[in-house]
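Notes follow once the structure below has been shown.
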């Protein structure tokens, strides 16, 4: 019932959701790209509700002080201490996976809506450290479609794996294409290593 309702909401906006291969979404790092607009959060959140996923996002611990804390936790916020070098973010999140049987972390690999030279590597290191798959999801403004592709198991060879992951996103239309970059040092227009 809920999924049907949220599909209807997407349809009102002129969007549709593509189920894809329907991987297990209850214990994974779920990457959502491209991320160039605040609207990505809205479309992405509705897509997660369609998938029936209780997801978590990383939020700086400072935001959890006061009355905002319980609300952020309810929405799946995970408090992260970025100021403690001895307890880095990857280790903190890997611990969350070890402490919970079901844990889905949603990450935008660019780490920002602005142009960046390359994707941040944290999502990969978290998945590898927690021994969980990376689920590839997308928001395509050119086709007005969001969806899920597949689970990707990190091999430990980041340079090769990131090429394979990013190749899925080559033809996806961002809301602001000029802000969407995928570490083009890794491949050219023919998906060939440089």
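Numbering (the numbering used here), first residue to last: -19 to 174.
Beta carbons are placed, not taken as given, at the ideal position from N, Cα and C, and that holds for glycine.
Could you check where the beta strand (DSSP E) with residue 130 kicks off and where it finishes?
Working through the chain shown from its first residue, we reach residue 130 at position 150. Judged by DSSP secondary structure, residue 130 falls within the beta strand (DSSP E) whose first and last residues are 125 to 132.
Inter-residue spacing [alpha-carbon to alpha-carbon] between residue 14 and residue 91
Sequence index remark: in the chain shown, residue 14 carries index 34 (1-based). Sequence index remark: in the chain shown, residue 91 carries index 111 (1-based). Roughly 10 Å between the two C-alpha positions.
If I measure Cβ to Cβ from residue 135 and keep anything under 8 Å in the same chain, skipping five residues before and after, which residues do I get?
Within the chain shown, the letter at position 155 stands for residue 135. Setting aside the 5 residues that flank it on each side, residue 135 is surrounded in the same chain by 141, each with a C-beta closer than 8 Å to its C-beta; the list follows chain order.
Inter-residue CB distance, residue 103 and residue 11 (contact presumed, cutoff 8 Å):
By one-based count along the chain shown, residue 103 stands at place 123. By one-based count along the chain shown, residue 11 stands at place 31. So it is a contact: roughly 6 Å between Cβ atoms.
Going by DSSP, what residue range makes up the alpha helix (DSSP H) through residue 107?
Looking up residue 107 in the chain shown gives position 127. Counting along the chain, the unbroken alpha helix (DSSP H) around residue 107 starts and ends at 102 to 110.
Out of curiosity, what's the CA-to-CA distance linking residue 23 and residue 68?
By 1-based counting over the chain shown, the position of residue 23 is 43. By 1-based counting over the chain shown, the position of residue 68 is 88. The alpha-carbon of residue 23 is positioned some 30 Å away from that of residue 68.
What did DSSP end up calling residue 1 once you bin it into helix, strand or coil?
Here residue 1 corresponds to residue number 21 of the chain shown, with the count starting at 1. Looking at residue 1 - three-state DSSP - the assignment turns out to be coil, as it is neither helix nor strand.
For residue 19, which residues of its own chain have a beta-carbon under 7 Å away from its beta-carbon, when the five flanking residues on both sides are left out?
Locating residue 19 in the chain shown gives position 39, where the first residue counts as 1. The beta carbon of residue 19 is closer than 7 Å to those of 155 in its chain, skipping five residues each way along the sequence.
Measure the C-alpha to C-alpha separation of residue 7 and residue 130 and round it to an integer number of angstroms.
Here residue 7 corresponds to residue number 27 of the chain shown, with the count starting at 1. Here residue 130 corresponds to residue number 150 of the chain shown, with the count starting at 1. Rounded to whole angstroms, the gap between the alpha carbons of residue 7 and residue 130 is 14 Å.
Excluding five sequence neighbours on each side, which residues of the same chain lie with their C-beta closer than 6 Å to the C-beta of residue 73?
Walking along the chain shown from the start, residue 73 turns up at place 93. Within the same chain, Cβ atoms closer than 6 Å to the Cβ of residue 73 are found at 106, the five residues on either side in sequence being excluded.
In the DSSP output, what is residue 12 paired with across the bridge?
As a position in the chain shown, residue 12 is number 32, starting the count at 1. Its beta-bridge partners are 117.
Any 3 or more C-beta pairs closer than 8 Å across the region 120 to 129 and the region 40 to 56
Output reads no: the region 40 to 56 does not touch the region 120 to 129.
I'd like to check one pair, residue 145 with residue 113: are the Cβ atoms closer than 9 Å?
Taking the first residue of the chain shown as 1, we reach residue 113 at position 133. Taking the first residue of the chain shown as 1, we reach residue 145 at position 165. Residue 145 is positioned such that its CB atom lies no closer than 9 Å to that of residue 113.
Between the alpha carbons of residue 160 and residue 17, how many angstroms are there, rounded?
Walking along the chain shown from the start, residue 160 turns up at place 180. Walking along the chain shown from the start, residue 17 turns up at place 37. Distance between the alpha carbons of residue 160 and residue 17 is about 10 Å.
Note down the Cα distance separating residue 139 from residue 89, rounded to an integer number of angstroms.
Counted from its first residue, the chain shown places residue 139 at position 159. Counted from its first residue, the chain shown places residue 89 at position 109. C-alpha separation (whole angstroms): 15 Å.
Would you call residue -16 buried or exposed, if buried means 16 or more other Cβ atoms sit within 10 Å of its Cβ?
As a first step, residue -16 must be located in the chain shown, where it is residue number 4. Classification of residue -16: exposed, given that the 10 Å Cβ count is below 16.
Specify the secondary structure class of residue 59 as computed by DSSP and reduced to three states.
Working through the chain shown from its first residue, we reach residue 59 at position 79. In the structure shown, residue 59 sits in a strand (DSSP, three-state: E or B).
Closest to residue 86 by CA distance: which of 0, 79, -11, 21 is it?
For the purposes of this step, residue 86 is taken as residue 106 along the chain shown, with counting starting at 1. That would be 21, whose Cα lies nearest to the Cα of residue 86.
Residue interval of the beta strand (DSSP E) (run including residue 35)
Reading the chain shown from its first residue, position 55 is the one you call residue 35. Here the beta strand (DSSP E) through residue 35 covers 35 to 40.
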